[in-house]
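**Student:** Numbering (the numbering used here), first residue to last: 24 to 215. The beta carbon of each residue, even a glycine, is placed where N, CA and C say it ideally should be. Take this structure first; my questions come after.
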Amino acid sequence: SSRPYLREYRPMGGTPPGVRMLLIASVVVFCLQEFAGRTVVGEILKIFELYPVFVVKRFFVWEVVTYLFLHGGVSHILFNMLALWMFGKDLEFEWGTQRFLKFFFTCGVVAGVCVVVLNYAFSDPYIPTVGSSGAIYGILAASAVLWPDRVILYGFIFPIPMKYFVWIVGAISFFGSLNPNSGVSDIAHLGG
């Protein structure tokens, strides 16, 4: 019973402070992105997107963190924040706020480094990456390790254990990464 993966999954109520802070920060930045558009503020926000070429040649190393708070559209932020709330809150309740936030940012930074390295090696380093999907995939993987038999609704319809859900989305990202021009940074997903 001292091992969390042997305990049955029991949902907890409320939203813990770390998840709440990440949700608020992401939504505020997204609103700023949307309302700024092509103004000066919108152009300034572009230096916070993850451009592999700028990280390597201009040493814009902050981009491997700041890209986590930028998103490419309403559906992008909606699904990322829904997954953060659904799975991140349970991890934060289990681990505590400090450990959860370290994990979130570690997954996000590692995903960003993977994007920089692999885009330089196999794709176009001038293509920007935005979104917290890499960190979200790390959260999904951790949830599957801790609560492998937790049943979720895949596509909001089909009940499936968490361990199989993570394998499915991982396989989708793996096969998606074979097409570097898809417009989706599957490398970031797998890096998380």
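Could you please give the first and the last residue of the uninterrupted beta strand (DSSP E) stretch that includes Y177?
**Tutor:** Residues V174 to Y177.
**Student:** Apply the 10 Å Cβ neighbour rule to T152 and answer buried if 16 or more other Cβ atoms are within range, or exposed otherwise.
**Tutor:** Looking at its Cβ environment, which holds 16 or more other Cβ atoms inside 10 Å, T152 is buried.
**Student:** Roughly how many whole angstroms lie between the Cα atoms of F110 and L45?
**Tutor:** Going from the Cα of F110 to the Cα of L45 covers about 13 Å.
**Student:** Quick one: using the 10 Å Cβ neighbour count with 16 as the cut-off for buried, is V63 buried or exposed?
**Tutor:** V63 is exposed by the Cβ-count criterion.
**Student:** Give me the DSSP bridge partner(s) of L73.
**Tutor:** The partner list for L73 (beta bridge, DSSP) reads T152.
**Student:** The beta strand (DSSP E) that contains F181, what's its start and end?
**Tutor:** Looking at the DSSP string, the run of the beta strand (DSSP E) that includes F181 is F181 to P184.
**Student:** Grab me the residues of P148's own chain with a C-beta within less than 6 Å of its C-beta, minus the 5 sequence neighbours each way, in chain order.
**Tutor:** Excluding residues within five positions, the ones whose Cβ falls inside 6 Å are P75, V76 and N142.
**Student:** Would you mind stating whether I191 and A106 have Cβ atoms separated by less than 8 Å?
**Tutor:** It is not a contact, given that the beta carbons lie outside the stated cut-off.
**Student:** Just the Cα atoms here: how many angstroms apart are L163 and W118?
**Tutor:** Computed Cα separation, rounded: 15 Å.
**Student:** Please classify R173: is it buried, with 16 or more other beta-carbons within 10 angstroms of its beta-carbon, or exposed?
**Tutor:** R173 comes out buried.
**Student:** Quick one: Cα of Y177 to Cα of D113, how far?
**Tutor:** In a straight line, the C-alpha of Y177 is about 18 Å away from that of D113.
**Student:** Helix, strand or coil, according to DSSP, for S146 in the structure here?
**Tutor:** Coil, per DSSP.
**Student:** Mind reading off the beta-carbon distance from L73 to G131? Whole number of angstroms is fine, and I expect it under 8 Å.
**Tutor:** Actually they are not in contact, since the Cβ atoms of L73 and G131 sit about 10 Å apart, beyond 8 Å.
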